[in-house]
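The structure under discussion appears below in the form of structure tokens.
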Amino acid sequence: MWCDSIVLIASLALMVYSADTFVDGAAAIAQNWGVSTLLIGLTVVGFGTSIPEVLVSSLASWQGNAGLAVGNALGSNIANIGLILGCCALIMPLTFRPKLLSRELPLLLITSLLCFGLAFDGLSLSDGIILLVGLVCFITWLVRNGLDQSKNGGFDDTSAMPLQKRSMILVWFFTIIGLLGLLISARLLVWASVNIANELGVSDLVIGLTLVAMGTSLPELAASAASVLKRQTDMAVGNVIGSNMYNLLAVYSLPGLIAPGPVNESVLSRDFPVMLALTLALFVFGFGFFKSGRINRWEGLFLLSSYGAYQWLVFKSTITG
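Each residue of the sequence shown is one higher than the one before, counting from -2 in the working numbering.
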């Protein structure tokens, strides 16, 4: 048990470091090939923060632990809104860009409802393909809108990537090291998580919803906290919404693509409703009761408290179950 716990913590630390290194390296390589910073931000960096979830869910599904994969996707979305945005709003009230309220946030709510509807008869191969097609459409839509805004002066395309100033040999080296670190840490994380679940007598779904989901959300937490400290609070909200979209379309589709099968009843009665409720709360807070386009500290406290209550609900179900 202690050995598995140490491996779990070490793999999470390695995963955070490797994800950061891989994203920076891939972004620098893309820039060297003449790809704009805008496109890198919308694709490489945006998807990069969800790479830990993708790898963990892929390996878990491949090894027959589809519950861990589903729990990782939904648990990460719940953690992103409840834990990350809740904590960030307590530090500083979060603002919304108008287009985030009118486009990305409603799209996240619709996608969440779609995934909920697909789960009732289990995750099939066709469900996974539908979500994967949705992922391609989402990325295409992001890039197209981003290019339009760039032409209109909506984006600054001059930001530098941390590894860009180094030689390309070093950039490739760090990128490969980051990718290997992600693969190794994901493998260790799944192995340790399944062992802990077996020793505690709980399902891999519960481990995926709690420990694994919190761990794989660390890149989003780091990115959002850094944005808030730099007073770029709209980026913190945008990062979470984008990450949740990737989790639903890229991560949640993997069990259907790799290991189709039924979805645990508690996912339909507990986890999906909580994720939908928090997404709806984010939508309501964005439009605001008194001031539109922001999440104040009281609303942040509500999100954080909701996340704590959800974790207690999951913990209580493992005891009674």
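All residues carry an ideal CB built from backbone N, CA and C; glycine is no exception.
Residue i to residue j, Cα distance in whole Å?
i    : j    : result
L254 : V203 : 21 Å
A157 : P95  : Any reading at A157 must be qualified, since the residue scores a pLDDT of 42, below 50, and its modelled position is unreliable; the value itself is stated next. Near 26 Å, if we compare the C-alpha coordinates of P95 and A157.
M211 : S54  : 14 Å
N17  : P49  : The amino acid occupying residue 17 in the given sequence is Asp; Asn does not appear at that position. When rounded, the distance between both Cα atoms is 11 Å.
L139 : L167 : 30 Å
R228 : A222 : 10 Å
G79  : N29  : 38 Å
G235 : S314 : 33 Å
V13  : S182 : 9 Å
S164 : S47  : 27 Å
D153 : V209 : Legend: pLDDT at D153 = 47, less than 50; position of this residue unreliable, no value from coordinates given.
If you count every other CB in all the chains shown that lies within 10 Å of the CB of residue i, and 16 or more means buried, which is it?
i    : result
F312 : exposed
T172 : buried
C0   : exposed
T213 : buried
A10  : exposed
L160 : Bear in mind that a pLDDT of 48 at L160, under 50, signals an unreliable position, so the model cannot answer this.
S250 : buried
S58  : buried
V370 : Absent from the model: residue 370. The displayed extent of the chain is -2 to 318, so no value can be given.
P252 : buried
L215 : buried
T207 : buried
F282 : buried
S123 : exposed
My understanding is that residue i touches residue j, with C-beta atoms under 8 Å, so please give their C-beta distance in whole angstroms.
i    : j    : result
P257 : L120 : 6 Å
W169 : I6   : Between I6 and W169 the Cβ distance is about 30 Å, and since that is not below 8 Å, they are no contact.
L98  : G290 : 7 Å
Does the distance from the CB of residue i to the CB of residue j come in under 9 Å?
i    : j    : result
G322 : G175 : Nothing about residue 322 can be reported from this structure: the residues present for the chain run from -2 to 318 only.
G131 : T108 : yes
L185 : S302 : no
S200 : G64  : yes
Y304 : G83  : yes
I292 : L91  : yes
F280 : L102 : yes
L265 : F117 : yes
G297 : A86  : yes
A189 : V4   : yes
F19  : L218 : no
V271 : A70  : no
L246 : F135 : yes
D268 : G68  : yes
Open item on the list: For the stretch 268 to 276 against the stretch 68 to 87, do three or more pairs of beta-carbon atoms, one drawn from each stretch, fall closer than 8 Å, so that the two count as touching?
Closed with: By the Cβ rule, the stretch 268 to 276 counts as touching the stretch 68 to 87, because three or more pairs are nearer than 8 Å.
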